[in-house]
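Trainee:
Numbering (our numbering), first residue to last: 13 to 249.
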């Protein structure tokens, strides 16, 4: 997917990117490749592959989410190299964002990209997800994650951060439906209900995605999230 094809795909959802947005995406790509030479950020560095498998893949779940324009705050848990948060921020600049990652070097990269692309109302934080969640409970309209952990583990890290009436959006791959089945008790315990599941095929046979949308209808019990060792060894099922 060339950058121009990416712009056209985004336009299909009614969003015509400005020259500034296009520049920010390209600058992000340049920095990703540059920093990837000194630290392991991604195995995907060819420009067309990045625009498809990172930028478009990150955005698709939000382009298809009708309520995004009514949401004001977003937290990306386990942000890694900035996916999905940075492409989403560039395309939906009204969102105020926190990016959370446990590796300091990645956080340095994220904050460098934010500064270089002149993004506002966005910051990356060096923290374990469960520690961050315990300090920022019920703070965000949207909490999301991409390729971090299985859903029953991921939901315990993410849902406590979601405001009542807000959304937890999990961007999953081919195992999404299977993970959903094993996570229904966990999702209910943490206070969210499934409102939509979208199965999508990326262009150019780049793979299938299962994007899971849940809405928070009650506060998460204070005992969650537990310590990560407990979450990992005894996930709710």
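Every residue gets a Cβ at the ideal spot worked out from N, C-alpha and C, and that includes glycine. Everything numeric in this text was worked out from a predicted model, so none of it was measured.
Enumerate in chain order the residues of its own chain whose CB-to-CB distance from residue 171 is below 6 Å, with the five nearest sequence positions on each side excluded.
Mentor: 180, 202, 204 and 232
Trainee: Just the Cα atoms here: how many angstroms apart are residue 106 and residue 80?
Mentor: 10 Å
Trainee: Below 8 Å between beta carbons: does that hold for residue 103 and residue 27?
Mentor: yes
Trainee: With DSSP as the reference, identify every bridge partner of residue 211, one or two as the case may be.
Mentor: Residue pairing for residue 211: DSSP places it in a beta bridge opposite 222.
Trainee: Could you work out which residue in 175, 126, 75 and 186 is closest to residue 41 when comparing CA atoms only?
Mentor: 126
Trainee: Bridge partners for residue 165 per DSSP, in chain order?
Mentor: Assignment of beta-bridge partners to residue 165 by DSSP yields no partner.
Trainee: Give the secondary structure of residue 238 by DSSP, where H, G and I count as helix, E and B as strand, and everything else as coil.
Mentor: coil
Trainee: Looking at the strands, I want to know which residues DSSP matches up with residue 183.
Mentor: 158 and 223
Trainee: Taking only runs of the beta strand (DSSP E) that begin and end inside the stretch 106 to 139, which ones reach a length of at least 3 residues, in chain order?
Mentor: 108 to 113 and 134 to 138
Trainee: Please go through the same chain and pick out, in chain order, the residues whose beta-carbon is closer than 8 Å to the beta-carbon of residue 53, but skip the five residues on each side of it.
Mentor: The answer, listed in chain order, is 44, 47, 92, 93, 118 and 121.
Trainee: Within 10 Å of its beta-carbon, does residue 66 have 16 or more other beta-carbons around it, so buried, or fewer, so exposed?
Mentor: Taking a 10 Å sphere around the C-beta of residue 66, we find 16 or more other C-beta atoms and assign the residue as buried.
Trainee: According to DSSP, which residues form a beta bridge with residue 206?
Mentor: Residue 206 has 226 as its beta-bridge partners, per DSSP.
Trainee: Quick check on the DSSP output: the beta strand (DSSP E) that includes residue 89 runs from which residue to which?
Mentor: 85 to 89
Trainee: Between residue 157 and the rest of its own chain, which residues show a CB-CB distance below 8 Å, the 5 nearest in sequence each way excluded?
Mentor: 88, 89, 90, 166, 169, 170, 182 and 183
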